[in-house]
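Working notes, structure below.
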Amino acid sequence: MCRLCKLMASGLQETGKMMCVLFPLRFEGRVVYFPGWGVGENMTGIGLIGRRALLAALLVIVPPAVGAGTPDGVDLLTLPVRIDTKVPAFLEERLADIEKVASALPQMDRKKAYLITLPLQNYLEDVVLSDNRPAILYPRAIAWVIGQQAALGTSKKEIARLLVTYYQRDAYSAMHVNDPAHGVSEATGGRQE
Amino acid sequence: MNRIVRLVVLFFAMMPAQALVRGADQTDTGKDEPAFTWGGEIRFHGGALNSDEGFGRTGGSVETRLFLDASMPAHFKFFAEVGSGNEQGADDPGLERLYVQYSAPGAKDFNVSAGWIRLPFGRWDAFTLSRPLVKDRQFFNDSQAFFQLRRTSAGVGLHDSIGPFEIDLAYVSRAPTDEFQLAQGASHDAVGRLGYRHAGFSAGVSYLQGFGDDRIDTATASVDLGNITSCGLDLELSRGAFTFGGEGVIVDIDGRTSRGYYLQGSYDLSSFARGLRLLGKYDVLHEDTDGSTQLFRRVTLGARYSLRRDLDLDLEIDQDYTNHKVRGFGGSHLILGLRYRF
Chain A
4 MCRLCKLMAS
14 GLQETGKMMC
24 VLFPLRFEGR
34 VVYFPGWGVG
44 ENMTGIGLIG
54 RRALLAALLV
64 IVPPAVGAGT
74 PDGVDLLTLP
84 VRIDTKVPAF
94 LEERLADIEK
104 VASALPQMDR
114 KKAYLITLPL
124 QNYLEDVVLS
134 DNRPAILYPR
144 AIAWVIGQQA
154 ALGTSKKEIA
164 RLLVTYYQRD
174 AYSAMHVNDP
184 AHGVSEATGG
194 RQE
Chain B
16 MNRIVRLVVL
26 FFAMMPAQAL
36 VRGADQTDTG
46 KDEPAFTWGG
56 EIRFHGGALN
66 SDEGFGRTGG
76 SVETRLFLDA
86 SMPAHFKFFA
96 EVGSGNEQGA
106 DDPGLERLYV
116 QYSAPGAKDF
126 NVSAGWIRLP
136 FGRWDAFTLS
146 RPLVKDRQFF
156 NDSQAFFQLR
166 RTSAGVGLHD
176 SIGPFEIDLA
186 YVSRAPTDEF
196 QLAQGASHDA
206 VGRLGYRHAG
216 FSAGVSYLQG
226 FGDDRIDTAT
236 ASVDLGNITS
246 CGLDLELSRG
256 AFTFGGEGVI
266 VDIDGRTSRG
276 YYLQGSYDLS
286 SFARGLRLLG
296 KYDVLHEDTD
306 GSTQLFRRVT
316 LGARYSLRRD
326 LDLDLEIDQD
336 YTNHKVRGFG
346 GSHLILGLRY
356 RF
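So the protein lines, in turn, are chains A and B.
Residue numbers for the first sequence, in the working numbering: 4 to 196.
Residue numbers for the second sequence, in the working numbering: 16 to 357.
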């Protein structure tokens, strides 16, 4: 990581007011994450970019973040932050929506996203709904986890398994992606924040 | 410009943009639910169906469910789950849930429900098609059904949670739900459950106390149905693809004690075949009658496969064991099920 990035990461993270940019930036064909929501190891690519270009890019990216769009037209903010339901069919529709959005994320495609949430759905229907508990979904956080894991090269089966594990540990509710004011945080790996 | 100046410029450039984002998303940080949702499902069952009331029924050959969830003004909510089946019994699909719920503003998870609500006693449906014996049994039925840990009853309920702890209380009528009316003078039950839920683990203790003055004379004794108590313990652990749980229940009907428990588990085999999971249940019921204690046991193994997101195929085998031959229990059952949701 270049010194500028380190400085920005430390300074802006401490303020807790870092701008939320929902998707990794692509520089020179490499996936690069901004400090605070991405994977630090991949940030070495930023060092290849001139500092002026970085500043310019950030300033350009910030306004589009209002709509949270990406160059591919993917928009996580079209997904609701939270839904809770006891209606199985409604639950399935929402999970299908998540897959639709996730399919347009970097390193994802329709085939990889198709039914990636099925194990989560089965868990919710077999275990949660049958216990007279509502299924509480955080669609934005789920889609974000799919996108981040796909960018890390995680297999579809492993992502599907992670989605269930994160739900069981109530990790989605604590993710900063649910709060646009705080931006997108790293996946907690199941830890409560 | 040196590096510090650039950062200062960047910081001040971000501030208005951030304010814009916050302003734009101010309404987007809470729950985002439509005001009205509905859905339904239809289930087909075939094979050796066990449709005798009180012995862990699988239901009839066709069952339907219709769900309706509607937000109402002033933090009220209406929820209904109604259905039909050709094995309509005292506790069959029909009126599953129908209530109005009030959620206290500002409270995270506090609500009051009134209508036909689920009894907050342990957990309800098993993972398998057949239901737990201790939850399906209509106790003391040498001549007629006296008491059952029903799924649904008319009454009022309260739910609250503080951190990992949750509490449910309810006061309900004991009238069966196939009668869409409140019987005058029927016995009532006060039910409560105190639970702990954290990171895929849940545990709870439940208690039921009967009220009323319903004395029924059997062939050998007189039974006061107002003098009913029941307590239960439920546990569940979910770790990734694996879920294991169970429930133990003791029912005391005017001095006659019955007890039962079941253990159940499911394992998601999606890594092997997408949408496939294995299910298992071991069910035991000791029932104290006017004569001897009767023992019923059932072993259930099953598999559920999602053909599509909205279409499930079930295959289940039940093997019954008992020391007391009764109609509707014994032998083995092979059951096929198909469930479609819309």
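Yeah, the Cβ is synthetic: ideal placement off N, Cα and C, and Gly gets one too.
8 angstroms Cβ cutoff, residue i in contact with chain B
i, result
"Ala-163/A", "yes"
"Pro-91/A", "yes"
"Asp-100/A", "no"
"Val-167/A", "yes"
"Thr-88/A", "yes"
"Asp-134/A", "yes"
Helix, strand or coil at residue i [DSSP, three-state]
i, result
"Tyr-355/B", "strand"
"Ala-177/A", "helix"
"Pro-81/A", "Sequence check: residue 81/A is Thr here, not Pro. Thr-81/A: helix per DSSP, three-state reduction."
"Trp-147/A", "helix"
"Asn-126/B", "strand"
"Ala-288/B", "coil"
"Gln-279/B", "strand"
"Tyr-114/B", "strand"
"Ser-245/B", "strand"
"Leu-252/B", "strand"
"Leu-81/B", "strand"
"Ala-138/A", "strand"
"Ala-153/A", "helix"
"Leu-293/B", "strand"
"Leu-164/B", "coil"
"His-301/B", "strand"
"Gly-61/B", "strand"
"Ala-89/B", "coil"
"Pro-27/A", "Confidence in Pro-27/A is poor, its pLDDT being 35 and thus under 50, which makes the residue's placement unreliable; the coordinate value appears in the next sentence. Reduced to three states, the DSSP call for Pro-27/A is coil."
"Phe-349/B", "Here residue 349/B turns out to be Leu, not Phe, going by the sequence shown. Residue state, collapsed to three classes: strand."
"Ser-202/B", "coil"
"Gly-75/B", "coil"
"Ala-50/B", "coil"
Limits of the unbroken beta strand (DSSP E) element including residue i
i, result
"Thr-172/B", "Inspection of the sequence shows that residue 172/B is occupied by Gly rather than by Thr. Element bounds for Gly-172/B: 167 to 177."
"Val-238/B", "237 to 239"
"Val-149/B", "First-last for Val-149/B: 148 to 151, but that is the alpha helix (DSSP H), not the beta strand (DSSP E)."
"Gln-309/B", "308 to 323"
"Ala-116/A", "Per DSSP, Ala-116/A belongs to no beta strand (DSSP E); it is in the alpha helix (DSSP H), 113 to 116."
"Gln-334/B", "326 to 337"
"Leu-139/B", "Just to set this straight, residue 139/B is Trp in the shown sequence, not Leu. Run containing Trp-139/B: none; DSSP gives neither H nor E here."
"Ala-185/B", "180 to 188"
"Val-130/A", "Segment: none, Val-130/A is in no beta strand (DSSP E) and carries neither H nor E."
"Arg-358/B", "Not covered by the structure: residue 358/B. The range shown for chain B is 16 to 357."
"Gly-109/B", "Run containing Gly-109/B: none; DSSP gives neither H nor E here."
"Gly-260/B", "257 to 268"
"Asp-87/A", "86 to 88"
Residue-chain proximity (residue i, chain A), Cβ-Cβ < 8 angstroms
i, result
"Gly-170/B", "no"
"Trp-131/B", "no"
"Glu-56/B", "yes"
"Arg-356/B", "yes"
"Ala-256/B", "yes"
"Ser-347/B", "no"
"Asp-269/B", "no"
"Phe-259/B", "no"
"Asp-140/B", "yes"
"Thr-79/B", "no"
"Ser-253/B", "yes"
"Phe-136/B", "no"
"Phe-7/B", "There is simply no residue 7/B to check, as chain B begins at 16 and stops at 357 in what is shown."
"Phe-82/B", "yes"
Delimiting residues of the alpha helix (DSSP H) encompassing residue i
i, result
"Asp-100/A", "91 to 105"
"Ala-163/A", "159 to 171"
"Tyr-126/A", "121 to 126"
8 angstroms Cβ cutoff, residue i in contact with chain E
i, result
"Ser-86/B", "The structure shown contains no chain E; the protein chains it does contain are A and B."
Please list the residues of the stretch 113 to 132 of chain A that have a C-beta atom closer than 8 angstroms to any C-beta atom in chain B, keeping them in chain order. For the stretch 113 to 132 of chain A, the set of positions with a beta-carbon nearer than 8 angstroms to some beta-carbon of chain B reads Leu-118, Leu-121, Pro-122, Gln-124, Asn-125, Tyr-126, Asp-129 and Val-130 in chain order.
Mind checking the stretch 170 to 183 of chain A against chain B and listing, in chain order, the residues whose C-beta falls within less than 8 angstroms of any C-beta there? For the stretch 170 to 183 of chain A, which is checked against every Cβ of chain B, the residues closer than 8 angstroms are Gln-171, Arg-172, Asp-173, Asn-181, Asp-182 and Pro-183.
Got a sec: which bits of the stretch 141 to 163 of chain A sit with their beta carbon under 7 angstroms from any beta carbon on chain B, in order along the chain? Closer than 7 angstroms at the C-beta level to chain B, one finds these residues of the stretch 141 to 163 of chain A: Lys-160 and Ala-163.
Of all the residues that make up the stretch 277 to 307 of chain B, which are near chain A by a beta-carbon distance shorter than 7 angstroms? Listed by position along the chain: Ser-281, Asp-283, Ser-285, Ser-286, Arg-289, Gly-290 and Arg-292.
Residue ranges of each beta strand (DSSP E) run of no fewer than 3 residues wholly in the stretch 204 to 236 of chain B, ordered along the chain? Residue ranges of uninterrupted beta strand (DSSP E) with 3 or more members, entirely inside the stretch 204 to 236 of chain B and ordered along the chain, are 216 to 226 and 230 to 232.
Chain-ordered residues of the stretch 207 to 237 of chain B with a beta carbon less than 7 angstroms from chain A: Of all residues in the stretch 207 to 237 of chain B, only Ala-214 and Gly-215 come within less than 7 angstroms of chain A when Cβ atoms are compared, listed by chain position.
Using a Cβ-Cβ cut-off of less than 9 angstroms, give me the residues of the stretch 315 to 339 of chain B that come near chain A, in sequence order. Of all residues in the stretch 315 to 339 of chain B, Arg-319, Ser-321, Arg-323, Arg-324, Asp-325 and Asp-327 have a Cβ within less than 9 angstroms of some Cβ in chain A.
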